[in-house]
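Numbering (the working numbering), first residue to last: 682 to 1019. Shown next, in structure tokens, is the structure this report addresses.
The following block contains the structure:
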């Protein structure tokens, strides 16, 4: 394969993009870089002496890598790309504080010619391992168990109106389920956990329908909060309002079209959405005050944390039984039994 690629270069032929791409997970210190990435984040910064530089987060489907464009490159290329775009990068890889980063020599958004010469976006965009239509079918089957009927109807209405975005959006910018299809994957994990727990522990007095509806809808506001599902950037409403209140508003608007035998029920559902971060310091609009809200909070946290563990282990290149340092947990993680 290597000799074939060399011969193609010598003949001046354009190589298929898939042959040129080195996955982020396989990158090593000292390597040269000449390939495409997705720009996850782009930040303008200044050195201690006041010189401008660009701090970037680049990604492909195997992981993310930091990048820096120092003053000359920053001045030359800053206007030639934006967050959420596919770019071509030339540079080199070096290690800084035990982490790999790319020192950029040139960077620009992918041209039409480059896109037509074997570029494969599937190499750059992370997606859920699970089929999204299958997850949707599982979720709707679970929604079918929600009682009373009016609560089930509300849940179905919200989901049906937003299906395309709900099954494609990531669940977060970076921390957990941060890939296409991540939102429905995370939602299904939380909802199945809450529903099963409520069924298996009737003595705890959880209202199964309310808890399940809250679990299904707890993150629905993220389809508005995250403006670009590929780059997972916060939009205007996401920056100023956040997904807890955006989701609450979606549920409240839909609830107005229904006649409720008990007006407390939609308010209790709203409470689950605005309190599922658990504590005010973690951006909850209210601390959870019902058994159902407490259950959703803990299953939401469990799903997120275990996905973070999974992704850190998958992206880790550290030899041995334990990963490198995981900043969210403040520890190294065991990679698991074979």
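Here a beta-carbon is modelled for each residue, glycine too, at the ideal position from N, C-alpha and C.
Under the DSSP assignment, residue 748 falls in the beta strand (DSSP E) whose first and last residues are 744-750. Contact annotation: the region 846-853 does not touch the region 773-790, with fewer than three C-beta pairs closer than 8 Å. Within the region 698-785, complete alpha helix (DSSP H) segments of at least 4 residues are found at 698-701, 752-758, given in chain order.
Uninterrupted beta strand (DSSP E) stretches at least 3 residues long and entirely within the region 857-926 occur at 907-909, given in chain order. The DSSP-derived three-state label of residue 979 is helix.
Looking only at 874, 840, 824, 942, the smallest Cα-Cα distance to residue 935 is reached by 840. Taken through DSSP and simplified to helix, strand or coil, residue 790 comes out as strand. Per DSSP, residue 813 is one residue of the alpha helix (DSSP H) stretching across 813-824. For the set 864, 941, 878, the Cα lying nearest the Cα of residue 905 is the one of 864.
Rounded to the nearest whole angstrom, the C-alpha separation of residue 1009 and residue 727 is 27 Å. A straight-line Cα-Cα distance of about 58 Å links residue 733 and residue 885. Within its own chain, the residues whose Cβ lies closer than 8 Å to the Cβ of residue 831, once the five positions on either side in sequence are excluded, are 939, 940, 941, 942, 946, listed in chain order. Under the DSSP definition of a beta bridge, residue 1015 partners with 1003. Assignment of residue 940 by DSSP, reduced to helix, strand and coil, places it in the coil class.
Secondary structure at residue 971: coil, using DSSP grouped into helix, strand and coil. As computed with DSSP, residue 808 is found in a beta bridge with 861.
By the 16-neighbour rule on beta-carbons within 10 angstroms, residue 900 is buried.
Within the model, the alpha-carbon separation for residue 992 versus residue 856 is close to 9 Å. In this structure residue 872 is not in contact with residue 950, their Cβ atoms being roughly 14 Å apart against a cut-off of 8 Å.
By a beta-carbon distance limit of 8 Å, residue 858 contacts residue 988. Their separation comes to about 5 Å. Assigned with DSSP and collapsed to three states, residue 958 falls in coil, not helix or strand.
In this structure residue 806 touches residue 742 by the C-beta definition: roughly 6 Å separates them, less than 8 Å. Per DSSP, the continuous alpha helix (DSSP H) segment holding residue 841 begins and ends at 830-842.
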